[in-house]
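Start counting the sequence shown at 10; every next residue gets the next number (the numbering used here). For glycine and all other residues, C-beta sits at the position ideal for the given N, C-alpha and C. What follows is a set of notes on a single structure, which appears directly below.
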Amino acid sequence: MLTSKYIAHFLQEVSSWQKKLSTADQVITIWMEVQRTWSHLESIFIGSEDIRNQLPEDSKRFDNIDTDFKELIKEVEKTKNCVEATNIPNLYDKLEKLQADLTLCEKALAEYLETKRLAFPRFYFVSSADLLDILSNGNNPTVVSYIGLTQLFMPFEEW
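Now the structure itself:
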């Protein structure tokens with residue numbers, strides 16, 4: 010539209026819409042990243058008491074992230090118009106901060122898993138998700154053996 014020769018009369022409105030839609034695109038993109046990371050880590054940090062005990066700082070960090078993200082969801086949910094909802098002031102900055110904090114939680118979790126793999130080299134053959142299940146259910150041998158059996162009989166291509 011900006012290349013049209015008749016744009017002069019509508020330039021301000023078109024520029025405003027271009028800015029709003031660009032912001033909407035950026036917010037939706039980062040929202041999807043935050044939501045994907047948050048949902049992955051939620052089951053780990055909220056559902057696993059062992060991880061909460063092993064990584065207390067990161068568990069507290071995740072608790073704050075969880076609270077902030079749920080508040081953002083409630084705030085955005087009030088606005089039914091997508092363009093208006095994604096153009097809430099400072100929304101993109103809040104989401105960037107949440108993503109940065111989630112990245113710190115992911116790094117801490119990866120370091121924790123790496124220490125377990127260094128201590129028990131056989132864990133290198135187990136996926137991170139299964140290793141988390143094993144570590145979370147360490148006091149329940151039947152669950153751990155079931156996880157191990159499913160890993161043992163999984164086709165090699167799925168590793």
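Using only alpha-carbon positions, find the residue among I60, I55, M41, E22 that is nearest to E120.
I60
When you compare each of V92, L100, N96, K89 to F78 by their alpha carbons, which one comes out closest?
L100
Please go through the same chain and pick out, in chain order, the residues whose beta-carbon is closer than 6 Å to the beta-carbon of S68, but skip the five residues on each side of it.
F54, R61
Give the list of continuous alpha helix (DSSP H) stretches no shorter than 4 residues that lie fully inside the stretch 74-159.
91-95, 100-128, 137-145
Is it true that the CB of N96 sits closer than 7 Å to the CB of T32?
yes
Please look up how many angstroms separate the CB atoms of L81 and K103, rounded, as I've assumed it's under 8 Å.
6 Å
Three-state secondary structure assigned by DSSP to S68:
helix
Excluding the five sequence neighbours on either side, which residues of its own chain have a C-beta within less than 7 Å of the C-beta of F134, listed in chain order?
none
Would you mind stating whether V43 and L107 have Cβ atoms separated by less than 7 Å?
yes
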